[in-house]
Structures are given as structure tokens and as C-alpha cells.
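Engineer:
In this note's numbering, the protein residues as written are 74 to 823.
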């Protein structure tokens with residue numbers, strides 16, 4: 074399954090997500106478009122306008138582009154003369170598939186919609202699209218409409234049927250069509266949402282043999298809704314329609330046998346239909362963790378073989394890391410330093426520790442796990458034990474340079490520790506002080522600081538109540554949109570990028586009420602910038618940038634490829650970073666990473682590329698892995714010690730063009746999951762082979778972010794030690810998570 078294009082993401086689905094007036098609002102939105110005459114008789118432009126409403130204003134329960142493309146391709150292949158859809162909603166599928174039927178030479182597309190208001194919206198938009206000669210909208214319950222169309226002779230056969238209405242009615246309506254000989258051998262069925270939220274009765278029926286259907290027909294005698302449906306599904310229309318009553322005594326045509334295929338795709342809100350989230354049961358999450366444990370055990374023999382082969386080559390053939398280390402130690406006048414790197418459990422810390430070791434220095438790695446153990450700061454004990462453990466490690470081992478690569482949870486505490494360390498020991502630290510770290514770490518203060526330096530920022534406001542948000546939005550320019558972000562760390566809310574204001578004051582207030590905004594948990598309201606996202610990593614010593622790299626970013630970044638350092642875009646981000654660092658003064662030393670939104674990344678000069686900084690991470694970024702093999706990087710760090718350690722004459726950039734991936738992530742996402750989908754006929758052969766080809770490309774031409782032939786143990790331990798224990802703990806405790814970042818060992822709980 075291909076990646077979802079996040080620029081096309083619909084608004085998040087709310088608790089009430091239909092039949093609340095948004096369908097009529099859509100009509101007004103469409104007919105008020107300045108290009109309404111271009112939209113008229115153009116299905117493609119009309120669909121784009123519907124998508125724009127759903128992306129910028131309110132969620133619509135449409136089939137969406139991704140799933141719609143799958144069905145449209147099938148229509149082109151099948152070439153149905155007559156197609157029927159059950160459940161038309163606002164007409165998105167009627168327009169998309171009706172147009173596809175017409176282009177394939179078909180004659181008629183019936184859209185059956187129970188809600189008369191929705192049907193009126195469909196009819197209006199179908200007429201606007203110029204599809205009135207093909208699409209006919211039928212108002213009424215699906216079973217009654219099917220019977221009426223058949224009895225009047227309007228509908229005698231269905232070549233293709235799209236089921237996207239009341240989920241419990243899928244099976245009963247299909248059986249009705251079979252009994253009326255509307256569905257016969259050669260008919261094609263397409264059913265939405267059978268994977269998630271799921272439709273067990275439908276899948277069971279279309280996958281049954283003749284004997285199984287005949288046996289089931291003798292026992293199914295109860296009218297009503299199958300109890301396997303969750304209340305959220307079975308009672309979806311109860312407010313308007315009342316309790317549903319379905320004729321479960323229908324037997325259909327048991328002699329019909331279907332070839333079935335499940336196809337995974339994305340909802341238009343960007344959620345893969347097979348992804349576990351907080352709405353799934355604890356049992357399903359436990360099963361997910363158990364499956365990953367089994368996967369780790371299955372790969373254990375092979376990975377252990379690679380581990381042993383790597384050590385064999387290291388000690389008996391060639392040890393690249395040790396050779397580079399000995400070469401550095403033998404340089405005339407070389408002075409080895411004692412270096413502490415914290416955060417070596419993450420790729421960024423591990424890469425830097427290896428670089429210092431190769432450069433001939435004594436290196437100690439520390440983390441919250443037992444390499445050299447550092448006590449994690451917590452709310453109960455405060456930062457004091459953590460600071461004391463860092464101070465103890467530095468004093469006991471006579472450390473000259475502390476390179477902090479710890480995670481977001483200890484960012485400010487690292488700043489506190491740096492102040493104590495440099496006050497009590499001769500050790501220097503690559504770490505900003507606590508006040509600077511706090512200023513840069515928190516989104517609102519970072520924006521204020523950036524503005525004070527005279528640099529461009531998106532409009533940003535700190536808010537401490539829902540009333541603050543509503544008051545500001547009421548005065549904002551009508552054409553400008555905003556998004557809400559937590560100032561602190563909140564995994565459950567970080568993916569919510571709902572655009573504000575919504576279409577009505579009531580909808581805006583309803584969304585804001587969900588966000589838990591208060592004086593103790595403030596948020597920021599930030600101008601929405603529609604652009605590409607990039608990230609940077611830089612080393613700053615004494616207010617000067619000593620090393621810099623930029624790359625494309627993503628909400629969950631697992632593949633790294635550096636931008637050419639001479640490209641206008643990279644230079645523009647470097648210019649910004651240099652100005653920002655210079656504003657910090659002589660004491661400004663640490664790792665500095667920015668996230669930028671760029672509306673025009675293809676400008677010919679840096680001045681042609683406006684940058685919008687949206688976030689600053691005053692700590693090391695995983696992109697530091699792109700500096701592997703860049704030996705001048707170590708000299709850039711050592712320039713923080715004293716004047717005798719001369720920095721490189723120019724800003725250090727990666728000297729190699731290596732691209733990075735993580736084998737564990739790719740094996741699961743490109744091989745294991747696609748293979749399981751293919752075995753259940755939910756993935757095409759070409760989609761399956763594309764995943765295999767991409768993994769082979771990474772294996773052949775990319776580098777794993779953790780594995781080094783001369784230091785293979787961290788790679789082995791990551792997958793068979795660390796993550797194994799994490800999955801086991803989650804399974805035992807019932808912890809639910811939606812995704813994880815292999816490179817940073819970050820698990821996103823839900």
C-alpha cells in the first residue's frame with residue numbers, strides 16, 4: 074500500500090460527523106466558488122471542490138481519492154452497462170463512479186439514498202457535474218428501492234454494485250438482489266469498510282460455499298441487526314430512522330459462489346483502514362504486540378548469524394572502525410579527549426559515540442537504559458537525581474566533553490545539568506543552558522524569540538482558554554486559517570491538525586472544547602502554511618554554526634536523505650540558522666534543529682525561498698546520522714573545549730551521499746504487512762512486488778541507521794532486546810499504541 078499524501082488529508086472525523094447541516098453547507102460552499110462556471114459540467118473540478126471543503130472545513134464521509142481510484146480502475150476494467158450504489162451521501166461516489174461508467178461506455182448509474190436531504194444534495198451536484206443523463210438518484214430505503222426498480226422494469230440486471238450504506242444491510246440487500254436475479258454470475262460487487270470498522274456477516278456470506286450457505290439458511294430465522302456489529306455502527310442512524318429491522322430470513326441464491334479479494338487503502342482522513350488506534354480493543358493491541366514478539370523470535374536465528382559473521386569479520390579479517398581509530402591515535406601531536414555521549418540508545422547518540430571512538434577519543438555512552446545508567450528525571454523526585462548522576466559520571470571518569478543527545482523528555486533537565494557541570498567541573502558541554510533550552514523547546518516562546526531576532530515566523534498566539542481562541546478567531550482575517558498545537562508533549566493530540574475557524578461558530582466552539590486548554594496546559598494558535606516540510610540539524614559553538622545538514626521531513630520520519638548543501642533551499646535554511654545562532658551570543662552552544670514549512674522550495678536563490686519556522690528542537694536530530702564518515706565533524710565538536718582546538722575552516726556538511734533506513738521498520742511495512750495482505754487477497758501482485766523492490770533497493774544502496782559491521786551488537790540488541798521487552802511490557806499491561814519510531818525508540822501511546 075502506497076504512502077498517504079498528507080496534503081490531501083480530510084479534517085478529522087468528529088463524534089458527530091454527518092447529518093448536522095454540513096451537507097447543505099457543502100452545497101453553499103460549491104455554488105459560491107469563484108470558478109463555479111469552470112466547475113459546471115466538469116466532474117473532476119467538482120470533486121476537487123468537494124475535497125477542498127472536507128480538507129479545510131468539515132469532514133465528509135466520502136469514499137475519497139485513494140479508495141475511489143481503486144473502484145474507478147475496476148470500472149474501467151469491467152465496463153458495466155448498469156451500476157448501482159447503495160448509499161450516496163452527498164454524491165461524491167455518484168459523480169466519481171458515474172463519470173467512470175460513462176467513460177467506460179456504460180449507460181446507467183443508480184444512486185440509492187435513504188435520506189431525502191442527502192438525495193437532494195446528490196441530485197444538485199450530479200446536475201452541476203453534467204451527469205444527469207447517466208446518474209439517477211433514487212430516494213428511499215435500499216431494500217424498498219431495489220424492489221420498486223425491479224417491479225417496474227427499470228432495473229433488470231446489475232453489472233456492478235457499490236455497497237457503502239448501512240453496514241448491517243450489506244448482506245440482506247445482496248441476498249435480495251440475488252433472489253430477484255439482479256445479481257447473477259458475472260456481476261461484480263465492491264463493498265466499502267469491510268476491513269475497518271468491519272462487516273463480518275457480509276464477508277462470511279460472500280466467502281461461503283454452496284453447502285455452507287444452504288446450511289446457514291436453515292438456521293437463520295431472526296429478524297434484526299447481527300449482534301457482531303458494534304453499537305456505534307448498528308445505531309448510526311437510530312436518531313433519524315429509529316431502530317433498524319432487517320430481514321435476516323432472506324436466503325439469497327445459495328448457488329452463487331463469489332471470488333473475493335480484500336484491498337487495504339486509506340480513508341480520506343489519512344487513516345489506513347487496518348491501523349490499530351485507541352478505538353480498538355485492548356485484546357487487539359495485545360495480539361499486535363504478541364505478533365511482533367513472534368516476529369522478533371522468528372528473525373532471531375538469522376540476525377544472530379549476521380551478528381556472529383560480523384564479529385568474525387571484525388576480528389579475523391578487517392575492523393574498519395579500529396583501523397581508523399589507530400590511524401588517528403598515531404597522528405603526531407594527537408591528544409585524545411574523554412567524551413561522554415548521553416542518549417546512545419537512540420540512533421543519533423550512537424552515531425556520535427562511534428564517530429568520537431573512530432577519531433581516537435575515549436568514549437563513554439550513557440542512557441536511561443544500562444549502558445552507563447543515568448537516572449531518568451521524573452515528576453516525583455524532580456531533576457536533582459538525574460543531574461547528580463550526570464555529574465557523578467563526568468567527575469568519576471574525568472570527562473572533558475559532554476555531548477548531550479538525550480530525548481525530548483529530559484531537554485530542560487539537560488540544560489540544568491549543563492549549568493551544574495560547567496560550574497563544578499572543567500568539563501565542557503554541547504548543551505544549551507536551561508533558560509535557553511526552555512525558550513527554544515516551547516513553541517510559543519521560540520516564535521517570540523525568533524521574531525525578536527528579526528526573522529520571519531508564521532503568526533502565532535499563546536492561549537490559555539477556549540475563550541481566548543474563540544475571541545481571537547472572531548477578529549482574524551476571514552481568508553486565514555489556523556491550527557492548534559500543544560506547548561507541551563501530547564502524543565494523543567499531536568496529529569490533530571484541524572483548520573480553524575470551522576464553518577460555523579458552533580462547530581469551532583465544539584472543536585475547541587475537546588482540547589483541554591487551561592493555564593496549566595496552554596496551547597498555541599498558529600497560522601496554517603500550506604507547504605512542504607523540511608528539517609535541519611546543526612552544531613552551534615559559541616554562536617557560530619560548525620556543522621549543518623537539511624533534509625525532507627515527515628510526521629514520522631524513517632528514511633533520511635540529505636539535501637545537496639549547495640542547493641538554494643539548503644542554503645536558505647543555513648542562512649536562517651546562522652542568523653539565529655549569532656543572536657544567541659558567545660555562550661550559545663548546543664545542538665539546534667528546526668522544522669520549516671516552505672511554500673516554494675524550488676526558488677533559484679536562497680532569497681527566493683521564504684521559510685516559515687514552526688518548531689525548534691534544542692537537541693540533536695536523527696539527521697546527524699547523515700554525517701557518518703565525516704571526520705571533520707569531531708573537530709567541530711572539539712572546538713568547544715578551548716582555543717587550541719581549531720574548528721574546521723568551513724561549516725561541516727556530510728561528505729558522503731549515504732541514505733538511511735531502518736531494516737526493522739522496512740521489513741514490517743514493506744514485506745510482512747504487504748505479504749499478509751496479499752495472502753488474504755487484499756493487495757495486488759504489483760503492489761506487493763513494489764514493496765519488495767523498495768526493500769531490496771534499500772538493502773543494496775542505502776545504509777541501516779543502526780548497523781555497523783565493526784559494531785553490530787547495538788543493531789542486534791535493538792530488535793531482540795529493547796523492542797522485545799517493550800512489546801512484552803505492553804502486552805502484559807494492556808498498553809495501547811498506534812505507531813513507533815525505531816530510530817528514536819519512541820512509542821506513541823493512544
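Every residue gets a Cβ at the ideal spot worked out from N, C-alpha and C, and that includes glycine.
According to DSSP, is residue 488 part of a helix, a strand, or is it coil?
Structural biologist: DSSP places residue 488 in helix when its eight states are reduced to three.
Engineer: Using C-beta distances below 7 Å, list every residue in its chain close to residue 208, excluding the 5 sequence neighbours before and after it, in chain order.
Structural biologist: The answer, listed in chain order, is 167, 171, 182, 184, 199.
Engineer: Would you call the CB atoms of residue 230 and residue 159 closer than 8 Å?
Structural biologist: Not closer than 8 Å, so no.
Engineer: Less than 8 Å between the beta carbons of residue 608 and residue 666, yes or no?
Structural biologist: Against a cut-off of 8 Å, the Cβ pair of residue 666 and residue 608 comes out as a contact.
Engineer: The beta strand (DSSP E) with residue 666 in it runs from where to where?
Structural biologist: Taken as a continuous stretch (DSSP letters only), the beta strand (DSSP E) holding residue 666 covers 663-671.
Engineer: From the DSSP output, in three-state form, read off residue 346 for me.
Structural biologist: A caution first: residue 346 carries a pLDDT of 46, below 50, which makes its placement in the model too unreliable to give a value.
Engineer: On the premise that residue 599 lies in contact with residue 533, defined as a C-beta separation below 8 Å, what is that separation, rounded to the nearest angstrom?
Structural biologist: Indeed they touch by this definition, with Cβ atoms about 5 Å apart.
Engineer: Thinking residue 698 and residue 512 are a contact (beta carbons under 8 Å), I'd like their distance in whole angstroms, please.
Structural biologist: Not really, about 27 Å apart at Cβ, beyond 8 Å.
Engineer: Using DSSP's beta-bridge definition, name the partner residues of residue 68.
Structural biologist: The requested residue 68 does not occur in the structure, where the chain is confined to residues 74 to 823.
Engineer: Compare the C-alpha of residue 705 against each of 726, 626, 690 and name the closest.
Structural biologist: Nearest option by C-alpha distance: 726.
Engineer: Report yes if the CB atom of residue 789 is closer than 8 Å to the CB atom of residue 366, and no otherwise.
Structural biologist: It is not a contact, given that the beta carbons lie outside the stated cut-off.
Engineer: Can you tell me the Cα-Cα spacing of residue 211 and residue 251, whole angstroms?
Structural biologist: Each residue's Cα considered, the two are about 20 Å apart.
Engineer: Would the stretch 372-386 and the stretch 669-683 be scored as touching if the rule is three or more Cβ pairs under 8 Å?
Structural biologist: Contact fails: fewer than three Cβ-Cβ distances are below 8 Å.
Engineer: Residue 623 CB to nearest chain D CB: under 8 Å?
Structural biologist: Among the chains of the structure shown, chain D does not appear; only one protein chain is present.
Engineer: When we look at the beta-carbon of residue 254 and count the other beta-carbons within 10 Å, is it buried (16 or more) or exposed?
Structural biologist: Residue 254 comes out exposed.
Engineer: With a cut-off of 8 Å on the beta carbons, I'd call residue 483 and residue 459 a contact; round off their distance for me.
Structural biologist: Indeed, because the Cβ distance is near 7 Å, the residues count as touching under 8 Å.
Engineer: When the distance is taken between beta carbons, is residue 606 closer than 8 Å to residue 668?
Structural biologist: Cβ distance < 8 Å, so residue 668 and residue 606 count as in contact.
Engineer: Using the three-state DSSP reduction, which class does residue 440 fall into: helix, strand or coil?
Structural biologist: Note: residue 440 maps to strand in three-state DSSP.
Engineer: Roughly how many whole angstroms lie between the Cα atoms of residue 612 and residue 415?
Structural biologist: About 16 Å.
Engineer: According to DSSP, residue 209 sits in a beta bridge with which residue or residues?
Structural biologist: Residue 209 pairs with 183.
Engineer: Leaving out five residues before and five after residue 243 in sequence, what residues of the same chain have Cβ atoms less than 7 Å from its Cβ?
Structural biologist: 236, 264, 272, 275, listed in sequence order.
Engineer: Would you grab the beta carbon distance between residue 333 and residue 280 for me? Rounded to a whole angstrom, and I think it's under 8 Å.
Structural biologist: With 8 Å as the limit, residue 333 and residue 280 qualify as a contact, their Cβ atoms being about 6 Å apart.
Engineer: Is residue 560 helix, strand or coil by DSSP?
Structural biologist: Residue 560: coil per DSSP, three-state reduction.
Engineer: Of the choices 535, 657, 650, 714, whose alpha-carbon is the least far from that of residue 685?
Structural biologist: Closest option to residue 685, Cα to Cα, is 650.
Engineer: Classify residue 135: buried if its beta carbon has 16 or more other beta carbons within 10 angstroms, exposed otherwise.
Structural biologist: Its Cβ being crowded by 16 or more others within 10 Å, residue 135 is buried.
Engineer: Identify whether residue 788 lies in helix, strand or coil by the three-state DSSP scheme.
Structural biologist: The answer is helix: DSSP assigns residue 788 an H, G or I state.
Engineer: I'd like the list of long-range same chain contacts for residue 444, defined as Cβ closer than 8 Å, with 5 residues on each side in sequence excluded.
Structural biologist: In this prediction, residue 444 scores a pLDDT of 42, lower than 50, which makes its location untrustworthy; no coordinate-derived value is stated.
Engineer: Quick one: Cα of residue 577 to Cα of residue 776, how far?
Structural biologist: Whole-angstrom Cα-Cα distance: 50 Å.
Engineer: Comparing C-alpha positions only, which one of 395, 627, 622 sits nearest to residue 644?
Structural biologist: Residue 644 has its Cα closest to that of 622, out of 395, 627, 622.
Engineer: Please list the terminal residues of the continuous beta strand (DSSP E) segment that includes residue 236.
Structural biologist: Element bounds for residue 236: 233-236.
Engineer: If we ignore side chains and look at the alpha-carbon of each, how far apart do residue 595 and residue 721 end up?
Structural biologist: The straight-line gap from Cα to Cα measures roughly 42 Å.
Engineer: Which of the three DSSP states, helix, strand or coil, is assigned to residue 272?
Structural biologist: In the structure shown, residue 272 sits in coil (DSSP, three-state: anything other than H, G, I, E or B).
Engineer: Could you name the residues of the same chain whose beta carbon sits closer than 7 Å to that of residue 763, not counting the 5 residues immediately before and after it, in chain order?
Structural biologist: Excluding residues within five positions, none has a Cβ falling inside 7 Å.
Engineer: Assign residue 798 to buried or exposed, taking buried as 16 or more other Cβ atoms, counted over all protein chains shown, within 10 Å of its Cβ.
Structural biologist: Under this definition residue 798 is an exposed residue.
Engineer: Using the rule of at least 16 other Cβ atoms within 10 Å of the residue's Cβ for burial, across every protein chain shown, is residue 389 buried or exposed?
Structural biologist: Per the 10 Å Cβ criterion, exposed.
Engineer: Could you give the first and the last residue of the continuous alpha helix (DSSP H) run that contains residue 264?
Structural biologist: Here residue 264 belongs to no alpha helix (DSSP H); instead the beta strand (DSSP E) covers 261-264.
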